[in-house]
Every structure is written in C-alpha cells, then in structure tokens.
Amino acid sequence: MKSEPDFHTRAEIDHLVEGIYKTLETTEERLDRRCDDIYFPMDLTINSLTSKIEAIQREIVEIQGYIARRPEASASIDRRNNKSTDNRRRTSVDEAKNRGRLVQKVKSDMSDTHNHG
Numbered sequence: 035m036k037s038e039p040d041f042h043t044r045a046e047i048d049h050l051v052e053g054i055y056k057t058l059e060t061t062e063e064r065l066d067r068r069c070d071d072i073y074f075p076m077d078l079t080i081n082s083l084t085s086k087i088e089a090i091q092r093e094i095v096e097i098q099g100y101i102a103r104r105p106e107a108s109a110s111i112d113r114r115n116n117k118s119t120d121n122r123r124r125t126s127v128d129e130a131k132n133r134g135r136l137v138q139k140v141k142s143d144m145s146d147t148h149n150h151g
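Under the numbering used here, think of the first position of the sequence shown as 35, with each following residue one higher.
Here it is in structure tokens:
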C-alpha cells in the first residue's frame with residue numbers, strides 16, 4: 035500500500051495559520067481579562083464607582099433643569115435661599131398694637147376648668 039504524501043497548498047496553510055493566530059488572540063484576551071480581575075480588582079471597582087458617580091451627576095443636572103423649568107417651583111429651590119415656611123410674623127408682647135385693650139380669646143385654656151361651664 036502506497037501512502038500519499040501530505041501536501042497542502044499555500045492557501046490552505048495560510049488559512050490554518052490564520053486560525054491558529056485567531057485562537058491565540060482570543061485566548062490571550064481572555065487571559066488578560068482574567069488577570070485584570072485577579073490582580074487589579076481595585077481598579078475595576080474604582081472605575082465602576084466613577085462611572086456610577088458620573089451617571090448620578092448627569093441625573094442631578096437633569097433634575098435641576100426640570101425644577102428650573104417648572105413655573106410653580108419655589109425660588110428658594112436650587113439657590114440655597116432658606117425661606118421660612120411660617121409667613122405670619124409673630125408679634126412680641128412689647129410690640130403689640132392692642133396693648134391695654136381686650137382681645138378675644140381664641141383658644142380655650144383647659145387648665146382653668148372651674149371657670150368654664
């Protein structure tokens with residue numbers, strides 16, 4: 035039995051070599067990613083946190099823009115102007131205009147129960 039010599043054309047050899055190089059590149063990339071996960075986990079964590087911070091900052095800018103466009107938005111929002119929610123001015127006893135006059139009692143004093151009723 036006569037064996038045939040093992041001949042390949044140049045195109046076949048080029049195709050085989052190309053496949054070998056692609057396999058090596060893929061393996062090398064996987065190895066690099068694995069090494070990064072093992073040896074540089076802090077870098078990955080910092081990059082992840084940085085990305086999240088940037089996303090949150092973009093959301094804050096969007097929210098600030100939305101608040102600024104709302105016609106009913108308070109002027110104190112986003113300007114750090116602390117306005118009091120109590121719009122009524124409290125008058126001190128010394129500044130009272132009704133000094134010396136009788137003033138209608140608004141709220142019952144329950145501690146003085148023997149005079150009520």
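Think of the CB as a built atom: it goes at the ideal place given N, C-alpha and C, for glycine as much as any other residue.
Thr43 - DSSP class collapsed to helix/strand/coil | coil
Should Asp70 and Leu58 be called a contact, given that it needs their Cβ atoms to be closer than 8 Å?
-> no
Which of helix, strand or coil DSSP assigns to Pro75 = helix
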